[in-house]
Every structure is written in C-alpha cells, then in structure tokens.
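J.:
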C-alpha cells in the first residue's frame, strides 16, 4: 500500500511537474541570492578560498531546507485540492502506509533536488569534489534526505488543513531539522575538503544525521496516524 | 454573591510561600550575598537566570510527561492535557526570562549579548519549539483533537531537543579557540552565593507550581464553558426545528 | 434491529463548537435506498460523514455495519463509500489512473476497475483525460466509478445527481439499483426530490440536525423555510483536518 501511495505521488509530480518547474528554479535562485549576499574576495589569511567556497556546503543545505518547505506544502496540497485526504481516510488506507508512501515520494524529489544543488554549487561557488570523499558525500546525501523527508511528511500532515498552515509549517519544521543542518553541513565540508578538513572528521557528523533519520523515521511512523485523524 | 475564583486554601498557602520565597531571594540576592571577585554586582543576575533556566526545563519535562500520560493511558483524561498546556505556557514565560537575563549577564560580563554555546542555543531552540507547541494548541477542534495533536508534538519535541543539544555541542566543540577569551561560563561560587541560588530555585519552583495550578484551573473552566456551550447550542439547534415547522 | 446497516439513537456530532447533528435517530436495513431530505444546513452532510466513521460521535449511540461508532469508527471506513461535495480525486491524474488508485486501496482487481470505468461510461478518449480537464459532471462520474470499484457495502452519497445531465443521471440510478441488488445499502442526500424520490425505498427528513420520517411522502411535503444562516458554518468540509 505504501508503494501504491508513493507511486501515485510521483505520478502526480510527473504529470504536473510542479517540483521541477517551480521548486527547483526557486532553489536555484536561492543559491544565486546567497552569492549576491555573501561573495567576498579571497584573503591572504585563509587558504585562498573565497567566502562562498568556504560556506558552500551550508548554503546547499539551507537551500535544501527552504525547498523542503515548498515540497511538503505541495505534497499535501494535492490531497487538499479535491478533498482526497478525506477520501484516503475513508478508503481505510493505513496511516503507516500513507506516511511511508508520501515520505518516500518526497525523498525521491528531495534527493534529485539536492543533486542539482550540488551541481549548482560546483558551477557557481567554485566548489570542487574530492575523490576520497565521495562515499561520505553520498552517504550523507541519502541519509539526510531520508530524515528530512520523514520529518517533513510528519509535520506536513499536521499542518495540512490547519488554519494558517503555510506559516505554521516553517515554524514547526525549521527548528526540528537543525541537527540535520549542522551535521550534514559538517559532513559535506569534510567530504569536500573545505579548509583541509580530513574525511575521517566527517563521519561523526554523518552519525548525527543518521541518528536523526532513524529517530524521526520511527517517530513519524508512530505519530502520523494520530496527527492526521479527526 | 462571591465571585468564583480558582484559588483554594492550598493554593493560597502555596502562593504565600512562593511570595515569601521570592522575598527571601531578593534579600539574599541583592543584599546578603557577596559580590563576585571577577564579576562584581552583575553576578546577581544569575540568581534569577539560573532558577529560570531550571524552571524552563522542568516545565518542559512536565509537559512531556503529562503528554505521554495522556496519550498512553487508557482513560485519556483531559486533565493531563491541560497540565501539559499550562506547564508549557509558564515554561515559555520562564524561558523568555532565562534568555533575557542570560543576554544581560553576557553583555555585562563579556560584552556580548549572545554566545553560540550549546546551552544558550538549545534554550533558544526550546523556546521556539514551545511557541510552536502553543500554536498547535490553538488550532481548534474538539478538546480531544487538541489534546492528541499537542501531545504528539510535545513527545516529538522530547526527541528533538536532545538531538539539537547534542549536535550543537559537537558543533561548538569545534570552536574551542573562540572560548580562550571567555571563561567557560561557570562561576566559582562560595557558600552564601550557593545558598542564594538555592533559595532562588526553591522560590521559583513554588511560583511555578502556583502558576500552573491556577492556569490549569482556568483552562478547566474554559473547557467546561465550551461544553456547556454545547448544551446550549444543542437546545438552540433543536429549537430551530420547531420554528421551521411553524414558519 | 439485528443486521441493520445503520442504527443511530440520538446521535450528536459537532463541527468545531456547532452541533451540526443535534440528535438523529435512524435505522437503515440492508438493501434499502434511503433518501435524506432537508434544507441546506440541516445536517445531512454531517450525518453522512458520521456514518462513514469520519466524525466522532459526541453524544448518543451509533452502530454502522455492526461497528460501534464510539469506539470503532476507523474500522467502519473500509466498508463504506462516501461521495461528498468534493470528488476526492487527483486533478493531475487521468480518469483511469484515479479509478485504478482508489480501487487498489480497496484491493480491487484490474478487471473490477475496468468494469467500473465502463459502467460509468468513462470510455475512450475520456479515460485518458486528466481530471483537471473534465467537466463537473464527468468528474462526478469518475468519483462514482471509484466508489463502484471499491465495492463498498454501504454507499453514502451527498448530492450525487448535481452536475450530471439526464443520461448520466439515469446511469447513476441504474448503478445504484444494481448495487443494492448485489447486496449494498445506499443512503442519498439530495435536493432532487422527484428523481431521488422515485429511486428511494424510503425517505427521511433532516431538519435542524434531527431526523424524522418523511411527512406526506415525496414531493408532497410542505416547503421548509431556510433556517437563519448566521450561526452556521458552511456544510462544506475541506477534506483536511477539522
């Protein structure tokens, strides 16, 4: 059943292409705006990296978080459009399956978006990849995505249909994802070798992200049902 | 006719002792305890800051436990939900006091309002999380819906706050060089200062309990009012039927 | 009554603070087609949603398909089909994809899904149109096809004839009769008194949140004046959380 829900969500996205046509450009614009705000020339004091190169990992994850808000809103907007959420309840779809299905579809969209953002950083910020860090990079990418998708679906379900939902979601979601921002940024910094950080230093940070993903994956499975039911 | 109030003999005794406690705190904090060698008079802010912080975290724990009891007990008694809500409201208050006094103290002692250390940052996060919790409580619906939603949010916060604290701590441990200029936040306290601090904690705890009891009672009254409103609304709705037939 | 599909005794259901249903008493036997009649704001939609297990029972007692509404309302839902004011469809998916999805949630086979689509006349070019592009009547028929594919034991329909042309209405009536012949029970809330009255085996008036058996049968009832709208929220549910 979860697969059914996930495929449905992805099919809707494939048809409407809202994430592709709206959220992705938004994320890209955010990356560009960061550059406008933060661009500085290299100083002799540091290793010659510009400010943007130094903070690129953080900016990638920030842009990801902002895009997460939009993707979550969209994920639940398709249910609200024609009253499908009610229909899902009546259909007797198990809340656990619903949660896993929507979170999986969200994860797929998010993962694709993050990959594009990394590409944007390579282009715009002068970031360089490091061969030894690829494993850490991919591991962080996948785990952070799972954690973010889980927590986003969970709070999205709460905010769906609630008064002031558009403004409630950021208020609830952003504080919660702080550990992912901290951990994933540091892990990617290590993977890319920013300021000559060793790759080994990045793995504890990956651990933070992994714990988050497991905790909120489990928490989401348990909590989603009570949250969406009347 | 006497106006109804949420006070009882027990809360009056409690309120009295809370007031007395605060009086003691003022006496000791401002008068009897000595000024610190390094920080002079500004250390006195700590007598408010530390108890507030203690209280904010106590309130958080109470909210979480009450939410858990509400969700997992057979009876789902709404009293637990109201306790969670009351504790959260008082907790936000004390959290605000903690942050403001912390900022004042930081400014006086080290010249900066804010420090990105684990404790302050986690407290700020807890503050925002509380505010989100209170926003969720105001989403409307039946009492049971409100109780269930907020209980889930409170338990998720229990999950999230340690994670935030742990990650901020790891993060700050990277920045040890920044703390060379500033001591790590602990103040050497002699006997009288510790005693004043203790008085502060006791006084604030009494204050907290008093506030939560009263708030919970007003919440119970509000809920009862809504329920009675239902009876009135039912009667009015049924009366519509007769007017419709006559018309 | 044993084997009754719906049994409500003085049921009260609230929307926020407002008692939309203020004491409904109703018994529905298997195989009936029941018509709920009443002005806007009377509580028909709320009654249907209560029987679907979507709303909690605030007071009174209720049993649907043997499940107690006070304690087992989630268990009621898979056996029930609800067609509300909105269709519950995914606007970006085609007719065929929607029916396939909703049928699958009830375990329907591809054959059953195809049969439902054909039954409601959604064949040919229509089946591959996105719901967003359909007319109101076509969308309604799609929603009905989803209901057919799910083979619910109890059908709860809120103004199902609205937006359908004459041919589609005939189709709908035939579908409902087939469903009851196959063992389902149907409850219809409608303003289409003549058509629905001809279809129904029994009529019940819903007035100000309460039920009473029809006065003088279909069409012959006195026109009921509209109660004041000042206090009442719209009947419309927005498909999200209450």
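Residue numbers (my numbering), protein chains in the order written: chain A, 821 to 1050; chain B, 1355 to 1601; chain C, 1360 to 1601.
By construction, the Cβ of each residue, glycine as well, lies at the ideal position given by its N, Cα and C atoms.
Please report whether the beta-carbon of residue 976/A lies at a distance below 8 Å from any beta-carbon of chain B.
T.: no
J.: Near residue 1450/C, what residues of its chain come up, given a Cβ to Cβ distance below 6 Å and the 5 sequence neighbours on each side ignored?
T.: 1490 and 1491
J.: Please classify residue 1417/C as buried or exposed, where buried requires at least 16 neighbouring CB atoms within 10 angstroms.
T.: Counting Cβ neighbours within 10 Å, residue 1417/C comes out buried, since at least 16 surround it.
J.: Looking only at C-alpha atoms, which of 1459/C, 1550/C and 1493/C sits nearest to residue 1394/C?
T.: 1550/C
J.: Measuring straight from C-alpha to C-alpha, what distance separates residue 1514/C and residue 1543/C?
T.: 7 Å
J.: Using a Cβ-Cβ cut-off of less than 9 Å, give me the residues of the segment 1557–1568 of chain C that come near chain B, in sequence order.
T.: Contact residues of the segment 1557–1568 of chain C toward chain B are 1566, 1567 and 1568 (C-beta to C-beta distance below 9 Å).
J.: In the DSSP assignment, the beta strand (DSSP E) including residue 1569/C goes from what residue to what residue?
T.: 1569–1572
J.: Is the shortest distance between the beta-carbon of residue 1494/B and the beta-carbons of chain C less than 8 Å?
T.: At a cut-off of 8 Å between beta carbons, residue 1494/B contacts chain C.
J.: Where does residue 1411/C sit, in a helix, a strand or coil, going by DSSP?
T.: When DSSP states are grouped into helix, strand and coil, residue 1411/C belongs to the coil group.
J.: In chain B, which residues lie with their C-beta within 9 Å of the C-beta of residue 1002/A?
T.: Neighbours of residue 1002/A in chain B, taken as residues whose beta carbon is under 9 Å from its own, are 1518, 1521, 1522, 1524 and 1525 in chain order.
J.: Within this structure, are the beta carbons of residue 1409/C and residue 1428/C separated by less than 8 Å?
T.: yes
J.: Measuring only between beta-carbons, confirm whether residue 1039/A sits less than 8 Å from chain B.
T.: yes
J.: Does the Cβ-Cβ distance between residue 1440/B and residue 1570/B come in under 8 Å?
T.: yes
J.: Below 8 Å between beta carbons: does that hold for residue 1510/B and residue 1043/A?
T.: At the C-beta level, residue 1510/B and residue 1043/A come within 8 Å of one another.
J.: Smallest Cα separation from residue 1444/C: which of 1522/C, 1529/C and 1371/C?
T.: 1522/C
J.: Buried or exposed for residue 929/A, going by 16 or more other Cβ atoms inside 10 Å?
T.: Buried, because 16 or more other Cβ atoms sit within 10 Å of the Cβ of residue 929/A.
J.: Are residue 1008/A and residue 957/A touching if we call contact CB-CB under 8 Å?
T.: yes
J.: What does residue 999/A touch in chain E if you count any residue whose Cβ is under 7 Å from its own?
T.: Absent from the structure: chain E. Protein chains present are A, B and C.
J.: Would you tell me roughly how many angstroms separate the C-alpha atoms of residue 1411/B and residue 1487/B, rounded to the nearest one?
T.: 15 Å
J.: If you draw a straight line from the C-alpha of residue 1376/C to the C-alpha of residue 848/A, how long is it?
T.: 45 Å
J.: Leaving out five residues before and five after residue 923/A in sequence, what residues of the same chain have Cβ atoms less than 6 Å from its Cβ?
T.: 969, 970 and 973
J.: Compare the beta carbon distance of residue 829/A and residue 925/A with 8 Å and say whether it is the shorter of the two.
T.: yes
J.: Where are the beta strand (DSSP E) runs, 3 residues long or more, that stay fully inside the segment 1425–1480 of chain C, in chain order?
T.: 1439–1442
J.: Got a sec: is the Cβ-Cβ distance from residue 839/A to anything in chain C below 8 Å?
T.: no
J.: For residue 1479/B, return the contacting residues in chain A, with the cut-off set at a CB-CB distance below 8 Å.
T.: 995 and 998
J.: So, under 8 Å CB-CB, residue 1481/C and residue 1504/C are touching, yes? Tell me the CB distance rounded to an integer number of Å.
T.: 6 Å
J.: If you draw a straight line from the alpha carbon of residue 1453/B to that of residue 1448/C, how long is it in whole angstroms?
T.: 49 Å
J.: For a test of the three-state rule: what should DSSP assign to residue 1416/C, helix, strand or coil?
T.: coil
J.: Could I get the ranges of all uninterrupted alpha helix (DSSP H) runs contained in the segment 888–949 of chain A, with 4 residues as the minimum, in chain order?
T.: 904–910 and 915–944
J.: Which residue spans inside the segment 1407–1467 of chain B form an unbroken beta strand (DSSP E) run of at least 3?
T.: none
J.: Closest to residue 1584/B by CA distance: which of 1371/C, 1488/C, 1471/C and 1500/C is it?
T.: Nearest option by C-alpha distance: 1371/C.
J.: Would you be able to state if there are at least three C-beta pairs under 8 Å between the segment 940–953 of chain A and the segment 873–880 of chain A?
T.: A contact exists between the segment 873–880 of chain A and the segment 940–953 of chain A.
J.: Answer with buried or exposed for residue 909/A, where buried requires no fewer than 16 other C-beta atoms within 10 angstroms of its C-beta.
T.: buried
J.: Return the CA-CA distance between residue 1461/C and residue 1012/A, expressed in angstroms with no decimal places.
T.: Rounded to the nearest angstrom, the two C-alpha atoms are 46 Å apart.
J.: Per DSSP, residue 1394/C is paired with what?
T.: 1547/C and 1562/C
J.: Return no unless some Cβ of chain A is closer than 8 Å to the Cβ of residue 1445/C.
T.: yes
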